[in-house]
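When we follow the numbering used here, the leftmost residue of the sequence shown carries the number 3, and every step to the right adds one.
C-beta: ideal position from N, C-alpha, C; glycine also.
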Amino acid sequence: MQSLPHGMKPQTSSKPRRGVSQKMASYGMTLMLFVFLVAVLFAANENDFVGWVVAIISLIWLCLFAFVVFSVRGAARKAGAKLAEAQDTLNRAAGGTPSVQVIDEATTIRDQKLDHSFKIVQVQARVIRENLGKDEDQVNRALETIEITSHNARSMIKKDDDGPVEGTLVD
3 MQSLPHGMKP QTSSKPRRGV SQKMASYGMT LMLFVFLVAV LFAANENDFV
53 GWVVAIISLI WLCLFAFVVF SVRGAARKAG AKLAEAQDTL NRAAGGTPSV
103 QVIDEATTIR DQKLDHSFKI VQVQARVIRE NLGKDEDQVN RALETIEITS
153 HNARSMIKKD DDGPVEGTLV D
């Protein structure tokens, strides 16, 4: 993983880099295809049984080579994904941030609702401080509001089987 200075974007080249193994696979596939085409041309020109047997054998080798190349390429992609997942797990275990972070809309909405609940609790705490010893009804209503709000906030985090807290809203 490459860290970038703040505000910088990674440099992307117009062509993706190809590894040595991919180049060799491309050259090998080209060579096998060439051998097959030459075998078919000689078999068609000579029109004998041995020429066609050689063409069929070269076709079998071409198919086998293609199967191996595509299987190894697919396995390499899966291994790369597993490696990225393992790196992500290690980053989280070490306290770092994951390479890829997926945040769904429901989580964002829940976080906004929780933030609003905390703001309500802060306002009610201020009401209690201001009215403590002066207006007992106002303090009781603020405590009831805090109780209801905290219950609702906890139910957003963890499903609660006790049911909703009910109370009377007094203006």
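With the cut-off set at 8 Å, would you say S60 and V37 are in Cβ contact? On the sequence shown, position 58 is the one that residue 60 refers to. On the sequence shown, position 35 is the one that residue 37 refers to. Yes, they are a contact pair.
Under the three-state reduction of DSSP, which class applies to K160: helix, strand or coil? On the sequence shown, residue 160 is found 158 positions in, with the first residue counted as 1. Correct three-state label for K160: coil.
With C-beta atoms as the reference, is A68 less than 8 Å away from V56? Residue mapping note: residue 68 aligns to position 66 of the sequence shown, counting from 1. Residue mapping note: residue 56 aligns to position 54 of the sequence shown, counting from 1. Not a contact, by the Cβ cut-off of 8 Å.
For A78, name the three-state secondary structure that DSSP assigns. For the purposes of this step, residue 78 is taken as the residue at position 76 of the sequence shown. Of the three classes helix, strand and coil, the one that applies to A78 here is helix, per DSSP.
Anticipated Cβ contact below 8 Å, Q140 with V129, distance rounded: Residue mapping note: residue 140 aligns to position 138 of the sequence shown, counting from 1. Residue mapping note: residue 129 aligns to position 127 of the sequence shown, counting from 1. About 6 Å separates the two Cβ atoms, so the contact holds.
Do W54 and M34 have their C-beta atoms closer together than 8 Å? Taking the first residue of the sequence shown as position 1, residue 54 is located at position 52. Taking the first residue of the sequence shown as position 1, residue 34 is located at position 32. Not a contact, by the Cβ cut-off of 8 Å.
Measure the C-alpha to C-alpha separation of V71 and K121 and round it to an integer number of angstroms. As a position in the sequence shown, residue 71 is number 69, starting the count at 1. As a position in the sequence shown, residue 121 is number 119, starting the count at 1. Computed Cα separation, rounded: 60 Å.
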